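First residue of the sequence shown? That's 1 in full-length UniProt numbering, and the numbers climb one at a time after it.
Positions of the beta carbon are idealized from the N, C-alpha and C atoms, including for glycine.
Remember, it's a predicted structure, so these values are computed and weren't measured experimentally.
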Amino acid sequence: MATHQKLADFDRKNPPFPRSSFSEGPYNENNQDSNNAIIQSFCRHGRLVEASNLIEIMTRISQIPDFHSCISIIRGLIKGERVDKAVRVLRLMVMSGGVPDIITYNMLISGLCRKGQLKTTISILDDMSASGCAPDVITYNTIIRSMFLRGKFNQAITFWLNQLRNGCPPYVITSTVLVELVWKHCGIEQAMEVLDEMEIKGCYVDVVLYNSLISSACKVGKFEDVRMALYDLLSRGLEPNVITFNTLLHCICILGRWQEAEELFSIMDQTSNTPTMVTYNILINSLCKSGLLDRAIDFLAQMVSQGCSPDIITYNTFLGAMCKEGMVDEAFDVLHVLKTKDVSLVQVTYNTVIDGLAKKGDMGKALGLLGEMIRAKIEPDEITYTSLIGGLCRTDMVEEAVKMLMEMVRKRFRPQISSYNSVIKGLCIGNKVDVAIDILDMMVSMRCRPNEATYGALIRGVASAGKTEEAIELHKKLIERKVLRKDVREY
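In structure tokens:
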């Protein structure tokens, strides 16, 4: 009798689906097992709406639907954007004694949030613990993100503070999500106020939250917010860790404040947060990018003296900087020294030095390095071939460049337009216009659209071959087809 009363009360609060297209007559006469068998059949055939309507009938005649089928129906309805029906089935399942799992609840809450049905979402959340399935981090994060997405900033803050007051576990991840969203949408001062409110509710934040906040502020260049977050961290008696220092160091390096960076580095050295390989790499990479190679080398020496072994990222950074500064031969020598030290070289290592050699025009060393790369079972990629093709064309080794281009296509790489243009230009200069036209055909077949530089090189090549009239005619046709502008004269 109590169950009937619960179902009656439930029906008043949750009106059933319209039954105009679903006749319940035959199902009223079936026993529970028969109706569950029919539900399973409906599920197998994707007839989820009919299955959900049958669950409605079963609960009304005091039959218990198969809970496994209910879960399948709920998830299927959510995927089919029938979230309202999914809510109804879930509530019928709970009223019948079933306990949905956390995955199903989170799927439903996510679906409701996508539809903007926050009121229903909160209602489902309130029912979760009572049904025997407590909300988790994903549940809370989904709701908070949805509230912010819809501009309900204060509601999101109040929601989480109320959850904490009502005994919700003080999930640090959820607190971090909330504080970052408050900072992003409402500013650093309100974010700090929310931290105060959370502490009053017993949710004590840790350095991880501040690291996340500092990192986010650094990425968008809000350095004053970084300063305020760091001050707040210290005022709460928390100790920065190595991640905090690394994040701050990266931030300072972006600003090019090298003296402050070195001071921060010294502070780390004097605390328990000694610089790590990541710390050195941040500083070395920043110095190299700013052209301060000598200072970067000093830190490399310090790194080694402190017993912190450089990794391949460190070496790749130096090789790139050396090539950029014109120290290509030195970079070539360093690479071979690394091989003798059993450092595991990677594709980027070879590509960096090959590109430097190709730009310098030292194709003998560049091609030799390609051979070493292949023997080391490191496959050349699009970057490798592009560097080599450019270098071969610049040193009048166009036939080799054509072979390299063909090999690149054979390996299913898509050459850049610059590679095609370099080869076509080189062939035209060498009076090999017919081959250049073949390359142009291949270029078009590879769906790489020629540009003005491509056609300009071709016109000049035709003219250089003594076919001035043909060059003029080709130029006119390309202008008519709007491939070239009228002011482009390449012959």
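With H, G and I counted as helix, E and B as strand and the rest as coil, what does DSSP make of residue i?
i, result
"Ile424", "helix"
"Ser21", "Because the pLDDT at Ser21 is just 44, under 50, the model does not fix this residue reliably, and the value given afterwards should be weighed accordingly. Residue state, collapsed to three classes: coil."
"Ala134", "coil"
"Pro16", "The predicted model places Pro16 with a pLDDT of 43, which falls under 50 and marks its position as unreliable; any figure quoted below should be read in that light. Reduced to three states, the DSSP call for Pro16 is coil."
"Thr386", "helix"
"Ile61", "coil"
"Leu345", "coil"
"Arg145", "helix"
"Val99", "coil"
"Ser32", "The displayed chain sequence assigns Gln, not Ser, to residue 32. Helix, per DSSP."
"Glu239", "coil"
"Tyr280", "helix"
"Ser286", "helix"
"Ser309", "coil"
"Gln117", "coil"
"Tyr204", "coil"
"Gly320", "helix"
"Arg412", "coil"
"Cys168", "coil"
"Gly371", "helix"
"Cys253", "helix"
"Leu92", "helix"
"Arg47", "coil"
"Lys6", "The predicted position of Lys6 is uncertain, since its pLDDT is 45 and thus under 50; a value taken from the coordinates is nonetheless stated next. In the structure shown, Lys6 sits in a helix (DSSP, three-state: H, G or I)."
For the candidate residues the options, whose alpha-carbon lies nearest to that of residue i?
i, options, result
"Ala366", "Asp101, Thr352, Met192", "Thr352"
"Trp160", "Glu470, Val89, Val226, Tyr140", "Tyr140"
"Asp66", "Met93, Trp258, Lys119", "Met93"
"Glu452", "Gly466, Met443, Asn421, Val462", "Asn421"
"Ser215", "Thr176, Met442, Met322", "Thr176"
"residue 492", "Lys339, Thr274, Ile243", "Any question about residue 492 goes unanswered here, given that the chain covers just 1 to 491."
"Ser69", "Ile78, Cys43, Val433", "Cys43"
"Ser123", "Arg414, Phe153, Thr340, Arg91", "Arg91"
"Arg447", "Val462, Glu473, Val423, Ile417", "Ile417"
"residue 492", "Ala261, Gly237, Leu338, Ser235", "Since the displayed the chain opens at 1 and closes at 491, residue 492 lies outside it and no answer follows."
"Gln117", "Leu181, Glu239, Ser146, Ala134", "Ser146"
"Gly167", "Ile144, Met198, Gly461, Glu379", "Met198"
"Ala321", "Asn154, Asp294, Gly307", "Asp294"
"Leu440", "Ile429, Thr454, Asn431", "Thr454"
"Ile61", "Met327, Ser96, Val172, Ser464", "Ser96"
"Asp206", "Val194, Pro240, Glu180", "Pro240"
"Cys218", "Cys251, Leu234, Ile188, Tyr210", "Cys251"
"Arg150", "Cys133, Phe223, Arg165, Leu181", "Leu181"
"Ile378", "Gln347, Thr395, Thr386", "Gln347"
"Glu470", "Asp438, Val433, Pro450", "Val433"
Please report the residue range of the alpha helix (DSSP H) in which residue i lies.
i, result
"His185", "172-186"
"Asn162", "153-165"
"Asp396", "It is not in any alpha helix (DSSP H) - Asp396 carries neither H nor E in the DSSP assignment."
"Ala376", "Here Ala376 belongs to no alpha helix (DSSP H), and DSSP marks it neither H nor E."
"Gly456", "452-464"
"Gly76", "67-79"
"Glu260", "258-270"
"Tyr210", "207-219"
"Phe332", "328-340"
"Leu440", "433-445"
On the criterion of 16 or more Cβ atoms from any shown chain inside 10 Å, does residue i qualify as buried, or is it exposed?
i, result
"Ser272", "exposed"
"Thr174", "buried"
"Ile200", "exposed"
"Ser21", "Bear in mind that a pLDDT of 44 at Ser21, under 50, signals an unreliable position, so the number given afterwards is only what the model happens to contain. Exposed is the call here."
"Asn36", "buried"
"Ala376", "exposed"
"Thr279", "buried"
"Tyr204", "exposed"
"Lys85", "buried"
"Asn106", "buried"
"Leu48", "buried"
"Ser110", "buried"
"Tyr231", "exposed"
"Val444", "exposed"
"Lys425", "buried"
"Gln270", "exposed"
"Thr158", "exposed"
"Lys476", "exposed"
"Asp225", "buried"
Cβ of residue i versus every heavy atom of the ligand HEM: is any distance shorter than 7 Å?
i, result
"Trp160", "Judged by which ligands are present, the structure shown has none, so any question about the ligand HEM falls away."
- Task: Check whether the stretch 369-385 touches the stretch 395-403, taking contact to mean three or more Cβ pairs, one atom from each stretch, closer than 8 Å.
- Result: Judged by Cβ distances under 8 Å, the stretch 369-385 makes no contact with the stretch 395-403, as fewer than three pairs qualify.
- Query: Hey, is the stretch 309-321 in contact with the stretch 339-356, meaning 3+ C-beta pairs nearer than 8 Å?
  - Reply: Enough Cβ pairs lie closer than 8 Å, so yes.
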